[in-house]
Each structure stands twice: as C-alpha cells, then as structure tokens.
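Residue numbers (the working numbering): 4 to 551.
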RNA sequence: GGCCCGUUCGUCCAGUGGUUAGGACGCGGCCCUUUCACGGCUGAAACACGGGUUCGAAUCCCGUACGGGUCACCA
C-alpha cells in the first residue's frame with residue numbers, strides 16, 4: 004500500500020527537512036525554548052508563568068524563545084485569540100523572539116509557526132513512519148472504540164488502543180484497501196514498540212530521573228482531517244524547530260513515554276524536559292488548578308484590567324519560580340529583575356497556590372520604586388483602555404497629575420499605597436475639580452457627621468490665612484496656633500489631659516480640612532496635598548464648604 | 001481502578017544527617033503620627049503519619065494517609 008494515499012500533503016523527505024531546518028548557530032549552552040498555546044479564546048496566567056520561565060531561560064543563556072500557535076483542533080479555535088496572546092505577552096514584557104509577532108506577521112527561520120500551516124511537514128514525517136512500518140492506518144469508528152473501552156472496563160483491563168485490542172494494527176493490505184475503497188475516514192496510529200515490562204526514564208530538569216512503563220498505546224498521530232495530534236506535532240516541531248528545552252505543564256508527564264518512543268523511532272535526540280507544576284487555588288479543603296470557569300484571576304486579562312504594573316506580575320511570578328528572588332530583590336533594589344538568574348533545578352516540584360494578597364504586596368513594592376512619571380505613563384495607558392472618563396482628567400494636565408502621584412513618594416520613606424492602576428480613580432479623583440464636584444453630596448454628609456462639629460469660622464480663617472509658601476513645619480505651627488484660637492488642642496496628648504477644655508485636638512481640625520478639600524477623611528499628608536491643589540483650589544473649596 | 005507526581009508556619013519559599021527549623025506576605029501587639037499610609041520593634045504560627053537506618057533525621061529507606069495529574073481523532 005502506497006503511504007502517499009494516507010499522507011497526501013507530504014512534501015519532503017526527512018533529509019530534506021533536516022536541511023531546511025538546520026541546527027541553530029548559537030553559542031554553546033544557549034537554550035531554545037518555546038511557548039505553545041492553543042488559541043481557544045483565553046490566555047491563562049499559567050501560560051504567562053511558563054512563558055516567563057522559558058523566555059528567561061533562553062535569554063539568560065543567549066538563546067531564543069519562540070511562540071508556536073498550536074491550532075490543530077479547528078473545533079476549539081476561537082478567533083482573535085492570537086492577538087490576545089500576543090498582547091498579553093507584550094504587556095508583561097514576554098514578547099517572543101520568533102514566531103508570529105503581529106497580525107499574520109512572522110519572524111524566524113523555523114516556521115511556519117502555526118501548526119495548522121505545517122501539515123506538509125507532519126505528513127512528511129508520518130509518511131516516513133508509515134514506510135518504515137512504525138505507523139499504520141486505522142479505520143475504527145467512534146462506536147467501535149467505545150465498544151472496545153466498554154469491553155475493557157468489563158474485563159477490568161487497562162483501557163486503550165494497544166496490543167490485541169488494536170484492531171487495525173495488523174489488518175491485511177486487502178482489508179485496508181477495501182476500507183479505503185469505501186471512502187471510510189481513517190487516522191494514522193503509531194505502532195507502539197514498548198515491551199510489557201520495559202521502562203523508560205525521563206531525566207526531568209526539575210524533578211530528576213522519573214521512571215515510567217514504556218509506551219504500548221498505538222496513539223493517534225494524524226487525525227481524520229489530516230492534522231497532527233499534540234503528540235506528533237510536539238515531537239516533530241521541537242525537533243525541527245531545534246528546541247533544546249521543553250518547558251511545559253506537568254499534565255504532560257504521563258505522555259512522555261509516547262514522546263520518547265517517537266523520538267527514538269525517528270532517530271532524533273530528544274530535547275531536555277522540565278515539567279512545571281501548575282498554579283493552583285485553594286478551594287474549600289483542597290486545592291485545584293486555577294480554572295478558567297471559576298476563577299477570574301486565571302485569565303491574564305484580569306491582571307491587565309486591574310492594572311497591575313508589568314513588573315508586579317513578573318516579580319510575583321519570579322517569586323514562585325524561586326523563593327530566593329525576594330532576597331535578591333531586597334539586596335538589589337535598583338537592578339532590573341532580568342538580572343536575576345533563574346534555575347530550573349530550583350523550581351518547586353509541588354504546585355504553588357496563587358496568592359493575590361502577596362501579589363498586591365509585591366506590586367506595592369514595585370510601584371514604590373517607580374518614578375511619578377513612570378506611574379503616570381503606565382496608569383494613563385491603563386486608563387485609556389479601562390476608564391476613559393478618568394483618562395481624560397488624568398491627561399488634561401500631565402504635570403498636575405504627576406505631582407498628585409508624587410505626594411509623599413519622595414524622600415526616605417515613600418508612601419506605598421498604590422497597588423494597581425484601577426484604584427487611582429477612586430484614590431485621587433478628588434484632586435480634579437469636575438470629579439470633586441460630583442463628590443460634593445457625600446462630602447457634605449461626611450462633614451455634617453464630623454465629631455466634634457467643626458468650629459464656626461474655622462474654614463474661613465484657614466482660607467483667609469493659608470500661605471502656600473510656608474514650609475511644612477512653619478505651616479504646621481501656623482495651623483496649630485490658629486486651631487488653638489478655635490479650641491483645638493495642638494495635639495492629642497494635650498487634649499486627653501484636659502478634654503473638657505478643648506473642642507477637639509489637631510487631628511480633628513485636620514479632618515475638617517480634609518473633608519472640605521478632598522470629600523473624605525483619609526488623604527495623604529495634608530500640607531503636601533494642599534500644596535499640590537494650589538492656593539486657588541484650596542481657597543475655593545474651603546470657602547464653598549463654609550455653608551455646609 | 002492502573003500508572004505517575006507531590007506533602008516544612010494560613011500562603012510562598014530557605015533548609016541536602018547535628019540549626020533555638022530561617023525569611024517574606026498575611027495576622028496580633030507596641031512605637032512613630034494631623035487622618036490613611038510608610039517605617040521601626042515585637043509576638044503567635046510548620047517539618048502529614050508510622051516504621052526503619054544512624055550516636056544523631058525535616059533531611060536517607062520502606063509503608064500509610066491525604067492531595068494532584070493522566071489514561072481522547074483536546075491541547
């Protein structure tokens with residue numbers, strides 16, 4: 004039987020492919036890694052995690068990181084996913100060196116980088132396997148396969164298409180020709196070579212040597228539509244794309260024996276493997292993988308919407324990769340995190356629980372090291388996409404916005420209360436007059452509820468006497484003195500010693516000003532806030548509040 | 001069910017035969033303080049269990065339990 008019938012799109016011999024995709028010219032020790040997502044409408048945080056590991060490993064060794072779109076299942080494909088993947092990677096600084104880099108645009112000499120466009124390559128390899136007797140066509144129907152499984156379950160033997168259960172494994176050429184003549188759909192299966200007690204060992208970079216029973220299953224290589232299964236595509240692609248390190252989720256551990264067998268049959272040296280544990284989530288008493296359905300934080304889109312700065316997600320993930328990152332960061336507060344060398348060998352073998360609280364803490368630190376300008380730029384990009392109304396305000400006066408951001412962020416102990424950009428509209432909205440106007444209603448309520456009630460004439464006096472030229476200390480002294488004339492003790496201690504002699508203490512006075520100026524009781528340093536607002540706004544707002 | 005993987009404070013990690021089992025986040029307390037933060041100090045908090053090996057085990061071996069993965073023409 005001519006194998007061409009089963010692989011109509013085959014176009015090369017193995018030798019031709021070897022010549023077409025020669026070994027890469029890279030320095031010794033350089034790692035070539037890849038990320039191979041299927042475009043099913045979603046970018047999982049785990050994909051970002053794997054990409055981070057892969058890309059860092061490649062780059063710190065002088066190698067390459069490429070993106071391969073694994074779109075061999077046309078049923079599950081969701082349009083637009085590739086753009087989403089590209090945007091996600093780009094947002095967190097993980098753009099690939101090779102592969103699709105923009106809509107339909109590819110770079111790199113080992114393409115095409117979409118598996119759906121590599122059919123001739125897969126079929127060429129399968130044809131060789133067929134010719135060698137290492138693969139064969141199978142015309143079993145879904146019903147027949149189901150019946151097989153039912154029988155296996157009944158007989159309590161391992162389910163699967165193997166050995167004597169592999170009904171098409173040893174069919175005669177006549178049977179095959181007959182099925183073909185009827186136009187029956189077929190798949191191509193591997194003729195498994197694993198012996199009954201044979202074992203294979205996987206030298207996993209993270210986990211050390213792992214041992215499994217050798218593969219005995221005649222796994223499907225080519226589906227009825229002529230597309231490869233993951234197994235075939237992985238082996239063929241990672242060989243011809245010259246991947247040195249396959250970094251993938253540990254759900255692939257169990258299929259390693261199949262892959263190993265195929266590499267051996269082709270006579271190819273397998274790459275190194277590193278199976279990483281998935282990021283999990285606490286769910287009641289147990290833990291499970293972060294799921295697309297139940298956990299919004301499973302999607303990279305969630306982090307983009309929340310406006311976590313690039314570095315925050317990266318550094319949090321780096322922490323999961325190697326706990327020593329934290330120590331490194333503490334010792335090197337100013338170095339870019341790309342300087343941190345990751346080591347696969349040090350990765351945890353068990354799955355890490357995703358901890359949003361920790362992420363926030365990391366983010367706080369990351370934002371803490373950013374300049375007001377950098378925060379402004381990043382937050383504006385976020386706002387443009389997620390809060391247009393705020394974006395307009397924020398962009399209207401870039402200098403004003405940056406001074407707002409910079410409040411209490413300079414000096415020895417910078418304020419670290421920004422975690423994600425989406426908190427900004429609520430946190431600093433009151434600085435903008437149009438937003439402040441919208442907050443007036445609640446401001447009045449808060450003002451009316453103030454205890455002790457604001458002293459008559461206080462607002463007018465502050466508005467009257469406010470001198471923005473005063474340094475913080477002088478200003479404080481001035482305000483304390485002024486407060487005293489309205490019955491506010493200069494500090495809490497004095498007040499506590501003689502509560503009946505005062506209306507309240509300095510903190511109460513500050514609250515009055517805060518509510519009038521910011522429509523809330525909690526604000527950053529009052530002095531600095533007033534400086535940024537500027538005398539005009541301060542006077543206007545205080546004066547308007549006199550009637551509250 | 002078979003096969004495989006995993007198990008140190010609530011969480012993330014250090015620890016590779018001899019440590020008062022360390023750090024970070026979170027939590028409690030104290031301090032600083034014009035509110036909220038920041039910061040400083042401090043406290044509570046863990047080697048899944050049972051057997052070995054050893055002078056000595058979180059570290060090595062075996063078993064148990066509990067989690068997880070996988071057994072598709074999905075990746």
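Glycine is no exception: its CB is placed at the ideal position from the N, C-alpha and C atoms.
Since the structure is predicted, the reported quantities are computational estimates derived from the model, not experimental observations.
Using the Cα positions of residue i and residue j, report the straight-line distance between them to the nearest angstrom.
i           : j           : result
residue 27  : residue 245 : 7 angstroms
residue 459 : residue 294 : 58 angstroms
residue 532 : residue 526 : 8 angstroms
residue 399 : residue 115 : 45 angstroms
residue 199 : residue 165 : 11 angstroms
residue 128 : residue 17  : 7 angstroms
residue 185 : residue 223 : 21 angstroms
residue 521 : residue 428 : 13 angstroms
residue 169 : residue 390 : 59 angstroms
residue 544 : residue 366 : 34 angstroms
residue 141 : residue 332 : 56 angstroms
residue 407 : residue 528 : 11 angstroms
residue 498 : residue 514 : 16 angstroms
residue 394 : residue 383 : 6 angstroms
residue 97  : residue 91  : 8 angstroms
residue 296 : residue 337 : 39 angstroms
residue 495 : residue 210 : 60 angstroms
residue 291 : residue 387 : 35 angstroms
residue 536 : residue 430 : 15 angstroms
residue 364 : residue 381 : 18 angstroms
residue 403 : residue 329 : 34 angstroms
residue 313 : residue 501 : 52 angstroms
residue 538 : residue 474 : 14 angstroms
Of the choices the options, whose alpha-carbon is the least far from that of residue i?
i           : options            : result
residue 46  : 22, 61, 95         : 95
residue 242 : 271, 226, 530      : 271
residue 215 : 174, 257, 223      : 257
residue 523 : 445, 118, 379      : 445
residue 396 : 433, 74, 422       : 433
residue 362 : 219, 422, 203, 229 : 422
residue 259 : 53, 5, 212, 339    : 212
residue 23  : 30, 14, 31         : 14
residue 228 : 172, 187, 463, 439 : 187
residue 264 : 137, 102, 503, 443 : 137
residue 519 : 486, 457, 534      : 457
residue 120 : 154, 159, 76, 161  : 76
residue 217 : 233, 197, 438      : 197
residue 32  : 476, 235, 21, 64   : 64
residue 374 : 419, 173, 503, 157 : 419
residue 454 : 202, 148, 506      : 506
Does the Cβ-Cβ distance between residue i and residue j come in under 7 angstroms?
i           : j           : result
residue 369 : residue 315 : yes
residue 36  : residue 250 : yes
residue 425 : residue 267 : no
residue 6   : residue 133 : yes
residue 163 : residue 220 : yes
residue 118 : residue 74  : yes
residue 345 : residue 152 : no
residue 299 : residue 371 : no
residue 413 : residue 478 : no
residue 88  : residue 40  : yes
residue 192 : residue 10  : no
residue 464 : residue 485 : yes
residue 551 : residue 450 : yes
residue 261 : residue 237 : no
On the premise that residue j lies in contact with residue i, defined as a C-beta separation below 8 angstroms, what is that separation, rounded to the nearest angstrom?
i           : j           : result
residue 239 : residue 311 : About 37 angstroms separates the two Cβ atoms, so there is no contact after all.
residue 2   : residue 247 : Since the first and last residues shown for the chain are 4 and 551, residue 2 lies out of range.
residue 354 : residue 282 : 7 angstroms
residue 284 : residue 357 : 6 angstroms
residue 171 : residue 143 : 6 angstroms
residue 549 : residue 462 : 5 angstroms
residue 472 : residue 546 : Residue 472 to residue 546, Cβ: 20 angstroms. No contact.
residue 541 : residue 469 : 6 angstroms
residue 49  : residue 252 : 7 angstroms
residue 122 : residue 12  : 5 angstroms
residue 226 : residue 190 : 6 angstroms
Would you check if there are 3 or more beta carbon pairs closer than 8 angstroms linking the segment 301-308 to the segment 273-280?
These segments do not touch.
Give a yes or no on contact between the segment 503-514 and the segment 482-491, applying the rule of three or more CB pairs nearer than 8 angstroms.
Under the 8 angstroms Cβ criterion, the segment 503-514 counts as touching the segment 482-491, having at least three qualifying pairs.
Stretch pair the segment 315-330 + the segment 50-66: three plus CB contacts closer than 8 angstroms
Touching, yes, given that three or more Cβ pairs across the two stretches are closer than 8 angstroms.
If we count Cβ pairs, one from each stretch, closer than 8 angstroms, do we get three or more for the segment 105-121 versus the segment 61-72?
Output reads yes: the segment 61-72 touches the segment 105-121.
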